[in-house]
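Enquirer: I have a structure here, written as structure tokens, and I will follow up with some questions on it.
Protein chains: 2
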Amino acid sequence: MDNPTSLDELIRALRCLPGVGPKSAQRMAYHLLQRDHEGAKRLADGLNLALDRIRHCGKCNTFTEAEMCERCASVRRDPSMLCVVESPGDLLMLEQTQSYPGHYFVLMGRLSPLDGIGPREIHLDRLLKRATDGVVREVILATNFTVEGEATAHYVSELLVGHGLTVTRIARGLPVGGELEHVDSGTLAQALLERRPA
Amino acid sequence: MDNPTSLDELIRALRCLPGVGPKSAQRMAYHLLQRDHEGAKRLADGLNLALDRIRHCGKCNTFTEAEMCERCASVRRDPSMLCVVESPGDLLMLEQTQSYPGHYFVLMGRLSPLDGIGPREIHLDRLLKRATDGVVREVILATNFTVEGEATAHYVSELLVGHGLTVTRIARGLPVGGELEHVDSGTLAQALLERRPA
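Have a look at this one:
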């Protein structure tokens, strides 16, 4: 005398979403079935459409509906710069700064041996090939400053050694508008360590 | 040069889930497309199946695949007791206590005028009819002890006045194993107010 079968199945299926546990999944299922049939239908259709259409760009590995994404196909971008990011979301954040003119490579993850994510899962073979195409001069590592992101950046920089490339890492330090009083000590120590001529 | 169209549509569709904002929706979409195609397919199918199969029990209003849910159809339950809850999840919680032998009525919500949820949306007309069927003797209000839940309980008890029913509210107080030192003062005040003969 639990939930009806199809409802239980939906609750189980919702748990494939990251950050959704049994309680949230149940709440989501109830919400959809009680208040938002239309949203549920749209979500089912959206999932099927995206599964059908979305593939990876042959060049930068981000999500696209074409063989190659618009960004890689653009002739306005500087082909000598290649920025390595973890996810398409990070790419969009960088694009929003409107201050990076080059190309990207999206790892679609980060090294995380405990989760079974090694060099192959984040396509480092393809990155190596892409970075050593003879046109790229600088590779900018823009993975996150988490343990996994740092490890990934380190691994990639080792990988690219000896190919005549400049490999850089985006800067750590205080945020713009940041006050010393309100920043964590790790960031402050790093900002001190990586000080530059004023 | 944003996300591809079908990906954007999926992200928008995911936002129909309660508690999912733009950032989470993006993260969910990336995760499904990158790491869990199978989960995404299962979710799409689960949504469609549940939309197709799930309806409301004609008697207690909970989710069911039949005309009437197993619980309402059971002859082992005490037909003189009717417990009013906000959601099927609350019903399952009460069932897990294995201490309630009666029937239920599921409001599928709570009074919340700001969200456009009035007496009609939580089926109070049907509850009135169900509670005054001549068999029910006691109505137990088991809505949450939130502002909306309390308002709903108050409204329902007013609605049932003059029909010869005993209307009760589940008790507030310290949790089992609770220590005075660690309970919030509102709960403690209420436990004091609602003290009973030892």
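Residue numbers (the working numbering), protein chains in the order written: chain A, 12 to 209; chain B, 12 to 209. Beta carbons are placed, not taken as given, at the ideal position from N, Cα and C, and that holds for glycine.
1. Taking only beta carbons into account, state which residues of the stretch 20-39 of chain A come closer than 9 Å to chain B, listed in chain order.
2. Beta carbon of Leu122 (chain A), beta carbon of Glu149 (chain A): below 8 Å?
3. Tell me the residue span of the alpha helix (DSSP H) that contains Glu76 (chain B).
4. Under 7 Å Cβ-Cβ, which residues of chain B neighbour His48 (chain A)?
5. Starting from the Cα of Leu60 (chain A), find the closest Cα among B:Ala153, B:Ile133, B:Ala24, B:Gly32 and give me that residue.
6. Check whether chain A comes within 8 Å of Asn72 (chain B), counting only Cβ atoms and requiring the distance to be less than that.
7. For the beta strand (DSSP E) containing Pro29 (chain A), list its first residue and its last residue.
8. Would the beta-carbon of Ala8 (chain A) fall within 8 Å of that of Val96 (chain A)?
9. For Pro186 (chain B), collect the residues of the same chain with a Cβ closer than 8 Å to its Cβ; drop the 5 residues on either side in sequence, then sort them by chain order.
10. Does the structure place the stretch 42-59 of chain A close enough to the stretch 67-78 of chain A that three or more beta carbon pairs sit under 8 Å?
11. Report yes if the CB atom of Gly32 (chain A) is closer than 8 Å to the CB atom of Tyr41 (chain B), and no otherwise.
12. Can you tell me whether DSSP reads His134 (chain A) as helix, strand or coil?
13. Please return the same chain residues whose Cβ sits closer than 6 Å to the Cβ of His174 (chain B), not counting the five positions on each side in sequence.
14. CB Arg88 (chain A) to CB His48 (chain A), shorter than 8 Å?
15. Of all the options B:Arg141, B:Asn155, B:Asp56, B:Val86, which has the alpha carbon lying nearest to the alpha carbon of Leu105 (chain B)?
16. Mind listing which residues of the stretch 152-167 of chain B have their C-beta closer than 7 Å to chain A's C-betas, in chain order?
17. Quick one: what does DSSP say Arg148 (chain B) is sitting in, helix, strand or coil?
18. What residues are listed by DSSP as bridge partners for Leu93 (chain B)?
19. How big is the Cα-Cα spacing for Ile151 (chain B) and Arg137 (chain B)?
20. Spatial neighbours of Gln201 (chain B) within its chain, please: CB distance less than 6 Å, with the 5 preceding and 5 following residues excluded, ordered by chain position.
21. Using only alpha-carbon positions, find the residue among A:Thr179, A:Met92, A:Glu161, A:Glu169 that is nearest to Arg141 (chain A).
22. Out of B:Met39, B:Leu58, B:Ala209, point me to the one whose CA is closest to Thr16 (chain A)'s CA.
23. Tell me the DSSP bridge mates of Val178 (chain B)?
24. Which residues in the same chain as Asp13 (chain A) place their Cβ atom closer than 7 Å to its Cβ, once the five residues preceding and following it in sequence are excluded?
25. Mark Leu171 (chain B) as exposed unless 16 or more other C-beta atoms lie within 10 angstroms of its C-beta, in which case mark it buried.
26. Assuming Val117 (chain A) contacts Ser98 (chain A) under a Cβ cut-off of 8 Å, what Cβ separation, rounded to an integer in Å, is found between them?
27. Let me make sure I understand the geometry here. Which of A:Ile128, A:Pro90, A:Tyr166 has the alpha-carbon closest to that of Tyr111 (chain A)?
28. Report yes if the C-beta distance between Ile65 (chain A) and Leu44 (chain B) is below 8 Å; otherwise report no.
29. Report yes if the CB atom of Leu135 (chain A) is closer than 8 Å to the CB atom of Val178 (chain A), and no otherwise.
30. Identify the contact partners of Pro124 (chain B) in chain A, using a Cβ-Cβ distance below 7 Å as the criterion.
31. Are the C-beta atoms of Gln107 (chain A) and some chain B residue less than 8 Å apart?
32. At a threshold of 7 Å, does Ala164 (chain B) count as lining the ligand HEM (C-beta to nearest heavy atom)?
33. Does Gln45 (chain B) come within less than 8 Å of chain A when only Cβ atoms are used?
34. Express the C-alpha separation of His67 (chain B) and Glu76 (chain B) in angstroms, rounding to a whole number.
35. Pop quiz: Met39 (chain A) and Leu199 (chain B) are said to be a contact at Cβ under 8 Å. What is the actual Cβ separation, rounded to whole angstroms?
36. Suppose contacts are defined by Cβ-Cβ distances below 8 Å. Is Ala36 (chain B) in contact with Arg26 (chain B) by that definition?
Expert: Quick answer:
1. Glu20, Leu21, Ile22, Arg23, Ala24, Leu25, Arg26, Cys27, Leu28, Pro29, Gly30, Val31, Lys34, Ser35, Gln37, Arg38, Met39
2. no
3. Segment: none, Glu76 (chain B) is in no alpha helix (DSSP H) and carries neither H nor E.
4. Leu62
5. B:Ala24
6. no
7. First-last for Pro29 (chain A): undefined, no H or E at that position.
8. Absent from the structure is residue 8 (chain A), since the part of chain A shown begins at 12 and ends at 209.
9. Val194
10. no
11. no
12. coil
13. Thr143
14. no
15. B:Asn155
16. none
17. coil
18. B:His114, B:Val150
19. 16 Å
20. Arg183
21. A:Met92
22. B:Leu58
23. B:Val150
24. Asp19
25. buried
26. 7 Å
27. A:Pro90
28. yes
29. no
30. Near Pro124 (chain B) there are no residues of chain A at all, since even the closest Cβ is about 16 Å away, more than 7 Å.
31. no
32. This structure simply doesn't include the ligand HEM, nor any ligand for that matter.
33. yes
34. 8 Å
35. At roughly 34 Å, the Cβ-Cβ gap does not stay under 8 Å, so Met39 (chain A) and Leu199 (chain B) are not in contact.
36. yes
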